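In our numbering, the protein residues as written are 417 to 712.
Everything on this sheet refers to the single structure shown next.
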């Protein structure tokens, strides 16, 4: 299902695509697009209501902060931040790329869907891991755990590296794996300097006409990455479990434990209470502050 666009009327531009969070609009230059981050929030493949105020702007500006710090590692898709006033602060003009249909995930810690798979098979996306690990443990070394990119309303599916090679070719698969792991290592060190653990992150890449691989969409935001407070993570090693992340895990937890929603049923999730929205906004704003050193 395609989401109803939020900014189409105010922009007066042709809508190319409305995803779970972002909207893409055509521009007079056919080689560029206007990418707008809405305040929508998704969980378990559902777009939830209401949105989280300022979320789209936080994602956009934090991504730009990271793009600047990754410029020596990989080119990115941003052409300009000079955008129409209706979407100022939450949009960029970006290159029109051939997107690679793989979610590139780097994990340095075992948690989330990786933890669930590990409990069954002692693997994550076909990568064998040692026995005796617990939820939240640091892995012996970071691993590449890709997934197929699903349409709105569909489920992303974790896959092994051989599947990626078969899908996009061995050379390109190796290239995006290498870039993903280099970006993760660099970002992990930056986060650590700010008292944060970067447990995992999801990246997307596109390709220019000349074959150059480009970092696209968003990067190292609370929507695409799991950050923990480093002190809280260290305490969790003695107590068990994992600390609250600077992401939408709080929303997921509310849906599963307090909302009364049956995830297995066909009914959509209930509306988010004001308290859940406010707490989620605070977590996103705090992640921005902790990383950039600037108050939101």
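Glycine residues also receive a C-beta, built at the ideal position from the N, C-alpha and C atoms.
For clarity, every value in this text was computed on a predicted model and none was experimentally measured.
With a 10 Å radius around the Cβ and a threshold of 16 neighbouring Cβ atoms, residue 439 comes out buried. By the CB criterion at 8 Å, residue 638 and residue 663 fall inside the cutoff. In this structure residue 540 is not in contact with residue 564, their Cβ atoms being roughly 15 Å apart against a cut-off of 8 Å. For residue 622, DSSP records a beta bridge to 515, 630. Residue environment: residue 641 is assigned as buried (16 or more neighbouring CB atoms within 10 Å of its CB, all protein chains considered). Contact fails between the region 579-587 and the region 609-628, because fewer than three Cβ pairs, one in each stretch, are under 8 Å apart.
Looking at 517, 574, 609, 551, the one whose alpha-carbon comes closest to that of residue 543 is 574.
Cα atoms of residue 548 and residue 555: separation of roughly 11 Å, rounded to the nearest angstrom.
Our two residues, residue 656 and residue 701, have alpha carbons roughly 27 Å apart in a direct line.
Restricting attention to 628, 466, 624, 572, the CA atom closest to the CA of residue 691 is found in 466. In the DSSP assignment, residue 692 falls within the unbroken alpha helix (DSSP H) covering 690-708. DSSP places residue 533 in the uninterrupted alpha helix (DSSP H) bounded by 528-537. Put simply, the region 505-522 touches the region 433-449. At least three CB pairs are less than 8 Å apart. When beta bridges are read from the DSSP output, residue 438 appears opposite 453. Residue 420 carries a coil assignment under DSSP once its states are collapsed to helix, strand and coil. Judged by their CB atoms, residue 696 and residue 457 are nearer to each other than the 8 Å cut-off. With a contact defined as Cβ atoms closer than 8 Å, residue 485 and residue 599 miss out at about 10 Å. Two segments are said to touch when three or more pairs of C-beta atoms, one from each, lie closer than 8 Å; by this definition the region 484-503 does not touch the region 519-527.
A straight line joining the alpha-carbon of residue 454 with that of residue 711 spans about 21 Å.
With 16 or more other Cβ atoms from the protein chains shown falling within 10 Å of its own Cβ, residue 477 counts as buried.
Within its own chain, the residues whose Cβ lies closer than 6 Å to the Cβ of residue 552, once the five positions on either side in sequence are excluded, are 527, 652, 658, listed in chain order. If you draw a straight line from the Cα of residue 676 to the Cα of residue 660, it is about 21 Å long.
A straight line joining the alpha-carbon of residue 704 with that of residue 482 spans about 11 Å.
Contact between residue 706 and residue 460 does not hold, since the beta-carbon distance rounds to 27 Å and is not under 8 Å. Unbroken beta strand (DSSP E) runs of no fewer than 3 residues, entirely contained in the region 461-524, are found at 462-464, 494-496, 507-511, following chain order. Bounds of the alpha helix (DSSP H) holding residue 649 are 646-655. Only residues of its own chain outside the window of five on either side were considered, and among them 459, 460, 462, 464, 671, 675, 677 have a CB closer than 8 Å to the CB of residue 685, listed in chain order. Under DSSP, residue 642 takes part in a beta bridge, and its partners are 616.
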